Amino acid sequence: MAASSNPIDPGPPPLAAIREKERALAQSIQVAHEQTQARIAEAQLRSNETQEQAERDGIQQVEKLYQDGIAHARALAEAIHSDGESAAIRLRENGMARIAEAAEYIMQFVLPHGDKN
232 MAASSNPIDP GPPPLAAIRE KERALAQSIQ VAHEQTQARI AEAQLRSNET
282 QEQAERDGIQ QVEKLYQDGI AHARALAEAI HSDGESAAIR LRENGMARIA
332 EAAEYIMQFV LPHGDKN
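My numbering runs 231 ahead of the 1-based position in the sequence shown.
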């Protein structure tokens, strides 16, 4: 007589099924961990790039402010110099125009007035 086969397959023993589920769960956890680590590394890289760009932008802004300040100071110095030259020219012209008047005043002071001899 032939051995009868069981039409219902009970599958793997329960302990083996539990171990297979544990293995699958551990693998899922490992994959999730690796994906998380990759995302963290990518975020750190983007953060570093953003910080470096911010530092470059800050340096450029400081340099621009410095150059603007230098240009402003030079413009003020040029204006002061120009104003000083203009004032000197006006004083010189005024002084030259009044030399004759000053000479007349000195002569009147030094020479006797109405000497009747």
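For each residue, glycine too, the CB sits at the ideal point set by N, CA and C. This structure is a prediction, so every number in the text was calculated from the model and none was measured.
1) I'd like the span of the alpha helix (DSSP H) that includes P245, first residue to last.
2) Helix, strand or coil for I239? Go by DSSP, reduced to three states.
3) Straight-line CA distance for E335 to G315?
4) What does the alpha-carbon distance come out to for the pair H318 and E283?
5) Ignore the nearest five residues each way along the sequence and tell me which others in E265's own chain have a CB closer than 6 Å to its CB.
With the structure as the only source:
1) 245-328
2) coil
3) 30 Å
4) According to the sequence shown, residue 318 is Ala rather than His. For A318 and E283, the distance between alpha carbons rounds to 52 Å.
5) none
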